[in-house]
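Q:
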Amino acid sequence: TGHPLMERTVIIANTSNMPVSAREASIYTAVTVGEYFRDQGMRVALMADSTSRWAEALREVSGRLGELPSEAGYPAYLSSRQADFYERAAHVRTLGGEIGSLSIIGAVSPPSADFSEPVTTHTKRYVRCFWALDATRAQARFYPAIHPLQSYSQDIEVLAPFWSELGNPQWPAQRRRFLGLLEEQARLERMARIVGKDALPPRQQNVLLCAELINEAFLRQSAFSETDRFCSAAKQMAMMQLLDRFIELSATAVASGVGIAAISQLPVLRQLRRMGEEVANDAPEGFEALGKLLGSAFDALSDGSADHAS
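Heads up, the sequence shown is in my numbering, so the first residue is 115 and it goes up one at a time.
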C-alpha cells in the first residue's frame, strides 16, 4: 500500500492480568477484524501470540464452569476450538470481484519445549507449515532461530510450479539436497565431537563445509542490514543456485584429490557467506559476477591439483 507498517497494523492486547474471558475472546476478536479487511479485498496476516495463553484461558473458564477436564487439564473441546480458529484462514473472491486473503500465524509456547503437550500436538494437526524455534540457535545469536530439520511444510508440491515459472525448475531437488546435507551434518557433528573433525574422510569434511555454508549464507538473515532484512524470491533463487553449484563443484574437486583445506581457504567463500548482505535484491548482476568467480576459483584449484599430480 505504500503506507508505514504501523498504519496498517491492528493490535488487540489482553495481558495475563486481565479477565480470563477477555483473554479467551481476544483471539476471536482479532480473526473477526482480519476477516473484515479480507472482505474488502485486502491480504491480511494475523499473528496470534500466543495460542498457548489462549488455551490456558480456555482451561480456566472450563474449570470455573465445572466441566470435566481432559488431557493436561484442558477441556475436551480444545481440539475443535483450535480447528475452528485455524480454519477461518482463507483465500476468497469477494462479492465485488476482488481477491482477499487471511493468513493465520499462531505462536505456540509449550512448557519446557515439550512438543508432545496438547496445544502443540493439536496445532500440528491443523496447520500445513510448522516453524520450530531452536534455543541453541538463539543462544548462538543465529537468527532467524528456526530449526531446519524439525520444521516442515506440506505445500512443497504447491510451491514447485511457482519456482519453475520464476526460472528454477530444479528447486525441489535443490531443497532435498540442502536438507540431506543438514541431516548428514547433524549426524557427522556427533561423530566429529568424538574423533575430531580432521579424522573424518575428505568427503564427510566437505559435507560439513557445505552444510555450514548453507546455514551461514542462506538460512541466517540480518534484520539490521538494509540489504538483507528483506529477500525477494528472485534473490533467494539466485542464492540457492549459487550454493547448489558450490556443493557440486566442491564434491567434484574432493573426488579429484583437492584437499578440504584448499577449498575452505578460497576467497570466494567469504563472498558467498556475505552475499545476502552485499548483493541487493534488484542487482542480479552481482550474483552473475559471483558465479563467474566461483567457477574460476574451482578451475584454478583443479589446474593446481593436476599440476601437482603431474
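Glycine is no exception: its CB is placed at the ideal position from the N, C-alpha and C atoms.
#1: Going by beta-carbon coordinates alone, are R178 and Y188 separated by less than 8 Å?
#2: Is the beta carbon of S223 closer than 8 Å to that of S164?
#3: Around the C-beta of F412, are 16 or more other C-beta atoms found within 10 angstroms, so that it is buried, or is it exposed?
#4: Take D269 as the anchor and find which of P286, E279, A254 has the nearest alpha-carbon.
#5: Return the CA-CA distance between V124 and V368, expressed in angstroms with no decimal places.
#6: If we call anything under 8 Å between Cβ atoms a contact, is R152 one with L216?
#7: Taking C-beta to C-beta, are L293 and C324 nearer than 8 Å?
#8: Relative to the alpha-carbon of A159, which residue among I218, W168, E181 has its alpha-carbon at the smallest distance?
#9: From what residue to what residue does the beta strand (DSSP E) around H117 run?
#10: Out of Q253, Y266, D248, S267, state which residue places its alpha-carbon closest to the alpha-carbon of I260.
#11: How would you call S193, buried or exposed, if buried means at least 16 neighbouring beta carbons within 10 angstroms?
#12: Give me the DSSP bridge partner(s) of G214.
#13: How would you call S166, buried or exposed, if buried means at least 16 neighbouring beta carbons within 10 angstroms?
#14: Grab the span of the beta strand (DSSP E) containing N161 for me, first residue to last.
#15: Looking at C-alpha atoms only, which residue of G148, V372, E201, E399 is the closest neighbour of R239?
#16: Give me whichever residues DSSP pairs with I260 in a beta bridge.
#17: Of the residues A414, V382, F332, E399, which one's Cα is nearest the Cα of P262?
#18: What residue from A337, R388, F276, Q288 has the CA that sits closest to I361's CA?
#19: Give every residue of the same chain whose Cβ lies closer than 7 Å to the Cβ of E170, excluding the five residues on either side of it in the sequence, and list them in chain order.
#20: Measuring alpha carbon to alpha carbon, tell me which residue in L386, T237, G155 is nearest R207.
#21: Quick check on the DSSP output: the alpha helix (DSSP H) that includes S223 runs from which residue to which?
#22: Could you tell me which uninterrupted alpha helix (DSSP H) segments, each at least 4 residues in length, are contained entirely in the stretch 372-398, listed from first to last along the chain?
#23: Is the stretch 371-382 in contact with the stretch 331-345, if contact means three or more CB pairs nearer than 8 Å?
A: According to the data block:
#1: In this structure, R178 keeps its C-beta atom at 8 Å or more from the C-beta atom of Y188.
#2: Inclusion of S164 and S223 in the CB contact set at 8 Å is warranted, their separation being smaller than that value.
#3: Answer is buried; the Cβ neighbour count reaches 16.
#4: The candidate whose alpha carbon is nearest that of D269 is P286.
#5: Near 54 Å, if we compare the C-alpha coordinates of V368 and V124.
#6: Yes. Within cutoff.
#7: It is not a contact, given that the beta carbons lie outside the stated cut-off.
#8: It is I218.
#9: That residue, H117, is in no beta strand (DSSP E); it is neither H nor E in DSSP.
#10: Per the Cα distances, D248.
#11: S193 comes out buried.
#12: G214 is bridged to V206.
#13: Burial call: buried.
#14: Per the sequence shown, residue 161 should be read as Met rather than Asn. Looking at the DSSP string, the run of the beta strand (DSSP E) that includes M161 is 157-163.
#15: Just measuring C-alpha positions, the residue of G148, V372, E201, E399 sitting nearest R239 is E201.
#16: Answer is L247, bridged to I260.
#17: For P262, the nearest C-alpha among the options comes from F332.
#18: Comparing Cα positions, the closest option is Q288.
#19: So no residue of the chain qualifies.
#20: Considering only alpha carbons, the answer is G155.
#21: Taken as a continuous stretch (DSSP letters only), S223 belongs to no alpha helix (DSSP H), as it is neither H nor E.
#22: List check, alpha helix (DSSP H) in window: 374-378, 381-387, 389-392.
#23: Because the criterion of three Cβ pairs below 8 Å is not met, the stretch 371-382 and the stretch 331-345 do not touch.
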